[in-house]
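>
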Amino acid sequence: GVGDFLSRARQAVKAKSHVAVKVERCIRLTRALNAQQGLGVRTQINQNTHFLDLSTVYGSEECEGASVRTFMNGELKTYNNDGDLLPPQKKNDSNCQSKDPQLCFTTGDFRNSLHPGLVPLHITYIKEHNRIAGQFRKCNPDWPDQRIFE
1 GVGDFLSRAR QAVKAKSHVA VKVERCIRLT RALNAQQGLG VRTQINQNTH FLDLSTVYGS
61 EECEGASVRT FMNGELKTYN NDGDLLPPQK KNDSNCQSKD PQLCFTTGDF RNSLHPGLVP
121 LHITYIKEHN RIAGQFRKCN PDWPDQRIFE
């Protein structure tokens, strides 16, 4: 349940933090389009995914999704280097606020390193995905990687 999820989230977050501060960039923020037809609650238009938008974990494009997968046992990539669990970027993209690519991470969304609060969420979702993939693999050992992943 939610208690188990939050407990795992707390365990995933370490006290260690790598936050590089660089003030010379601006982040372009735009307001989402309104899909509302009349008065009432505002609803957003989202062309990436529907229901629970996990494009930040899995990516919105096939190439982004491939970059976060191991292609083994339906799992997502993890990396263990001095407590960091997300794979480092191979090279800095334009959103990395650090000159050292080891301090910015590869996830399904290129903006993952803009806000330190996103990193624990990414770690939690990836660990939960891999935990569930392990359960599917245990119950269905004949399933191929793609079926477990989906």
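Those letters in the sequence shown? Residues 1 to 150, per full-length UniProt numbering, in order.
For every residue, glycine included, the Cβ atom is placed at its ideal position computed from N, Cα and C.
Have a look at Asp53 and Asn140 and give me their C-alpha separation to the nearest angstrom.
On the sequence shown, residue 53 is found 53 positions in, with the first residue counted as 1. On the sequence shown, residue 140 is found 140 positions in, with the first residue counted as 1. Cα to Cα, Asp53 sits roughly 27 Å from Asn140.
> Measuring only the C-alpha atoms, how far is Lys16 from Leu114?
Taking the first residue of the sequence shown as 1, we reach residue 16 at position 16. Taking the first residue of the sequence shown as 1, we reach residue 114 at position 114. For Lys16, the predicted model reports a pLDDT of 41, less than 50, meaning its position is unreliable and no value from the coordinates is stated.
> For Leu86 versus Ile126, is the C-beta spacing smaller than 9 Å?
For the purposes of this step, residue 86 is taken as residue 86 along the sequence shown, with counting starting at 1. For the purposes of this step, residue 126 is taken as residue 126 along the sequence shown, with counting starting at 1. Cβ atoms of Leu86 and Ile126: closer than 9 Å.
> Since Phe71 and Asp142 are thought to touch, with beta carbons under 8 Å apart, how far apart are those beta carbons, to the nearest angstrom?
Looking up residue 71 in the sequence shown gives position 71. Looking up residue 142 in the sequence shown gives position 142. Actually they do not touch by this definition, with Cβ atoms about 17 Å apart.
> When the distance is taken between beta carbons, is His129 closer than 9 Å to Glu75?
Translated into positions along the sequence shown, residue 75 becomes position 75. Translated into positions along the sequence shown, residue 129 becomes position 129. It is a contact, given that the beta carbons lie within the stated cut-off.
> Would you report the Cα separation of Pro116 and Thr78, rounded to the nearest angstrom?
Taking the sequence shown and counting its residues from 1, one reaches residue 116 at position 116. Taking the sequence shown and counting its residues from 1, one reaches residue 78 at position 78. Answer to the nearest angstrom: the Cα atoms are 18 Å apart.
> Taking buried to mean at least 16 other C-beta atoms within 10 Å of its own C-beta, is Val41 buried or exposed?
As a position in the sequence shown, residue 41 is number 41, starting the count at 1. The residue in question, Val41, is exposed, as its Cβ has fewer than 16 Cβ neighbours within 10 Å.
> Taking DSSP's pairing of strands, which residues face Leu76 in a bridge?
Residue mapping note: residue 76 aligns to position 76 of the sequence shown, counting from 1. BP columns for Leu76 point to Arg69.
> Below 8 Å on the Cβ atoms is my guess for Gly108 versus Tyr58; work out the distance and round it to an integer in Å.
For the purposes of this step, residue 108 is taken as the residue at position 108 of the sequence shown. For the purposes of this step, residue 58 is taken as the residue at position 58 of the sequence shown. Gly108 to Tyr58, Cβ: 5 Å. Contact.
> Around the Cβ of Asn112, are there at least 16 other Cβ atoms within 10 angstroms (buried) or fewer (exposed)?
Looking up residue 112 in the sequence shown gives position 112. Burial call: buried.
> Apply the 10 Å Cβ neighbour rule to Cys104 and answer buried if 16 or more other Cβ atoms are within range, or exposed otherwise.
Residue numbering aside, residue 104 sits at position 104 when the sequence shown is read from its first letter. Cys104 comes out buried.
> Where does the unbroken alpha helix (DSSP H) through Gly119 begin, and where does it stop?
As a position in the sequence shown, residue 119 is number 119, starting the count at 1. Note that residue 119 is Val in the sequence shown here, rather than Gly. Its alpha helix (DSSP H) spans residues 118 to 139.
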